[in-house]
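Residue numbers (the numbering used here): 1438 to 1673.
All C-beta atoms, glycine included, are put in the ideal place defined by N, C-alpha and C.
On a predicted model such as this, the values are computed, not experimentally measured, just so you know.
Some notes on the structure that comes next.
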Amino acid sequence: MAGVTISFNLAPGVSLGQGTPLIENAERSIKFPPTIQGSFQGTAAAFKESLANEPILIMTALLAVYIVLGILYESYIHPITILSTIPSAGVGALLALKFTDNELNVIGLIGIILLIGLVKKNAIMMIDFALDQERHAGRSPLEAIHEACLLRFRPIMMTTAAALLGALPLALGTGTGSELRRPLGLTIIGGLIVSQALTLFTTPVVYLYMDRLRWQRSRRRTELSGSVSPAASHAD
C-alpha cells in the first residue's frame, strides 16, 4: 500500500473553510476507484475534526447549563424558559458572521459557547425575580413576570451594554492576529443584539406558557390520583 501526500496553499482572502469543500468537490469529480482513498492531514484535518465535534460541544454546554439551573430552581420547567433565549443569540451570531463575510470557525464556536453564558443572564434576572414574587409575595404568574420585566429592564440593558462594549475591540481591532479574534467579537455582538431585541418579549411569553403547562400537569396528576384512590379503597 503506497501513500502520496499532496500539499496545497490557500489563495489570498480564501479561508480554510472555503478551500476544503473545493478540494472535496475536485476529488469527487475525478472519481477515484475504490482502491484509492483521500483524506486531509495537518491543519485541514484538525479543522474538519473541529467541525464534526461542534454539535457535541454545544449540546454538552446546554446540558450542563440545564442541570445547574434545574438544581438552582428545583424545577424541570424553568430552566427551559431560561434556555429559550439561546436560539435567538445563535441566529444573531450567524447573521453577524454572514453579513461581515466571516466563516464559522473554531473561534466563532467559542463565541457561541460564550453567548450561552452571556445571554441566559437576561432570563435569569427576570425569572429569579418573578419566582420570588410568586413564592413570597403571593403574586400571580402574570403579575410577577410583568413586575420583573419593569424592574429588571435597566440591569439587563446595563449588563448587555457592558458585554457589547467589551467585544467591540475584538470585532473592530486591527493589527497582527486581528483576523483570528474578529469572529469571536462578531459572534458576541451579533448574538447579544438579536437576543436583547427578542428575549425581552419572548421570555415572559415562554414563562407564562411553561407555568400553564406545569399547572395542567399538576391538575392532571391530581385527577389521576383521585380517580385511582376510590378504586383502591373499593378493592380493599
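Cβ neighbours of Ala1669 in the same chain (closer than 8 Å, five flanking residues each side left out): Start at 1 with the first residue of the sequence shown, and residue 1669 comes out as number 232. Low local confidence applies: a pLDDT of 47 at Ala1669 is under 50, so the model's placement there is unreliable, and no value is given.
Host alpha helix (DSSP H) of Pro1516 (start-end): Here residue 1516 refers to the residue found at position 79 of the sequence shown. Counting along the chain, the alpha helix (DSSP H) containing Pro1516 begins and ends at 1515 to 1520.
N-terminal and C-terminal residue of the alpha helix (DSSP H) that Pro1524 is part of: Within the sequence shown, numbered from 1, the residue matching residue 1524 stands at position 87. From DSSP, the alpha helix (DSSP H) with Pro1524 extends over 1523 to 1536.
Run of the alpha helix (DSSP H) containing Pro1606, from where it starts to where it stops: By 1-based counting over the sequence shown, the position of residue 1606 is 169. Its alpha helix (DSSP H) spans residues 1590 to 1609.
Rounded Cβ spacing between Phe1566 and Arg1591 (contact assumed at less than 8 Å): Numbered from its first residue, the sequence shown carries residue 1566 at position 129. Numbered from its first residue, the sequence shown carries residue 1591 at position 154. About 13 Å separates the Cβ atoms of Phe1566 and Arg1591, ruling out a contact at the 8 Å cut-off.
Beta carbon of Pro1620 nearer than 7 Å to that of Gly1554: Here residue 1620 is taken as the residue at index 183 of the sequence shown, counted from 1. Here residue 1554 is taken as the residue at index 117 of the sequence shown, counted from 1. No, they are not a contact pair.
Which of helix, strand or coil DSSP assigns to Thr1613: On the sequence shown, position 176 is the one that residue 1613 refers to. Annotated three-state conformation of Thr1613 is coil, per DSSP.
Asp1673 to Met1647 span [Cα, whole Å]: Stepping through the sequence shown from its first residue, residue 1673 is reached at position 236. Stepping through the sequence shown from its first residue, residue 1647 is reached at position 210. Summary for Asp1673: the model assigns pLDDT 44, below 50, so the residue's position carries little reliability, and this model does not support an answer.
Leu1579 classed as buried or exposed, judged by whether at least 16 other C-beta atoms fall within 10 angstroms: Counting from 1 along the sequence shown, the entry for residue 1579 is found at position 142. Exposed: under 16 other Cβ atoms inside 10 Å.
Check whether Leu1534 and Leu1541 have beta carbons under 7 Å apart: One-based indexing of the sequence shown puts residue 1534 at position 97. One-based indexing of the sequence shown puts residue 1541 at position 104. Yes; because the gap between Cβ atoms is below 7 Å, this pair is in contact.
Same chain, Cβ closer than 7 Å to Tyr1503, neighbours up to 5 away in sequence not counted: Within the sequence shown, residue 1503 is the residue found at index 66, counting from 1. Excluding sequence neighbours, Tyr1503 sits near Pro1516, Leu1520.
Span of the alpha helix (DSSP H), counted from its first residue to its last, around Arg1572: Within the sequence shown, numbered from 1, the residue matching residue 1572 stands at position 135. Arg1572: member of the alpha helix (DSSP H) spanning 1543 to 1573, first to last residue.
Buried versus exposed call for Gly1612 [16 or more other C-beta atoms within 10 Å across all chains shown]: Translated into the one-based positions of the sequence shown, residue 1612 becomes position 175. So Gly1612 counts as exposed.
Option in Thr1639, Ser1615, Ala1604 with minimal Cα separation from Met1627: Position 190 of the sequence shown, counted from the first residue, corresponds to residue 1627. In the sequence as displayed, the identity of residue 1627 is Gly instead of Met. Closest option to Gly1627, Cα to Cα, is Ala1604.
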